[in-house]
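At position 129 of the sequence shown (counting the first as 1) the number is 167 in this note's numbering, and the numbers step up by one without a gap. The C-beta atom is built at its ideal place from N, Cα and C for all residues, glycine as well. Written out below as structure tokens is the structure these notes cover.
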Amino acid sequence: MTQEGDLVLAHIRNKPAFFARIENIDSDIKPGWFQVKMLVLQVPLVTITWILRDTYINGEEFTMGGHPVKLDKVIAPETNSAHEKSTATDAPELPPLDGVAASEEELHEPPAAKSAPTTKVVSLMERKKKNST
């Protein structure tokens, strides 16, 4: 059963669309329906409220605007203590942020040791003010 604080994956048109955390589940004015407030985990964060039956909250498919929608509760994979002690070589390699691969040595060099691009810094404070006449 999906509850407040649970993480869900919303499928729209039978494709994964977004992850959200269930923030609040309140009874709606219509019997058997609930106002489900969700924090959509994206940048920027967005809060949405859907009015759903309890079966829809728990994973049964429904439609919105004629499109199939489904909420699947996300359950973290189980880990055992031997697996938790994995080494860095077991971790997936992430691409570098700037798109350029760095060697292991470059990652551990102090910033001053890296060659800096040659750029010219112009101080705006030293510029003379033009006299308006």
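(request) Leaving aside the five residues before and after residue 107 along the sequence, list all residues of the same chain whose C-beta is less than 6 Å from its C-beta, in chain order. (result) Excluding positions up to five away in sequence, the list reads 50 and 100.
(request) Look at the Cβ atom of residue 80, then the Cβ atom of residue 56, and state whether they are nearer than 8 Å. (result) Taking a C-beta distance under 8 Å as the contact criterion, residue 80 and residue 56 qualify as a contact pair.
(request) Pick helix, strand or coil for residue 93, following the three-state DSSP scheme. (result) DSSP places residue 93 in the helix class (H, G or I) of the three-state scheme.
(message) If I follow the unbroken beta strand (DSSP E) through residue 63, where does it start and stop?
(response) DSSP places residue 63 in the uninterrupted beta strand (DSSP E) bounded by 53-65.
(request) Would you give the residue range spanned by the beta strand (DSSP E) that residue 111 belongs to? (result) It spans 105-111 - the beta strand (DSSP E) in which residue 111 sits, taken as one unbroken run.
(request) Tell whether a beta-carbon distance below 8 Å holds between residue 77 and residue 58. (result) In this structure, residue 58 lies closer than 8 Å to residue 77 by Cβ.
(message) Between the alpha carbons of residue 87 and residue 104, how many angstroms are there, rounded?
(response) Taking the straight line joining both Cα atoms gives about 18 Å.
(message) Does residue 75 come out as helix, strand or coil in the three-state DSSP assignment?
(response) In the three-state reduction of the DSSP assignment, residue 75 falls in the strand class, which pools E and B.
(request) May I ask you to report which of helix, strand or coil DSSP gives residue 47? (result) For residue 47, the secondary structure class from DSSP, reduced to helix, strand or coil, is strand.
(message) Checking the sheet assignment: what are the DSSP bridge partners for residue 84?
(response) DSSP lists 78 as the bridge partner or partners of residue 84.
(request) Note the first and the last residue of the continuous beta strand (DSSP E) segment covering residue 101. (result) Taken as a continuous stretch (DSSP letters only), the beta strand (DSSP E) holding residue 101 covers 100-102.
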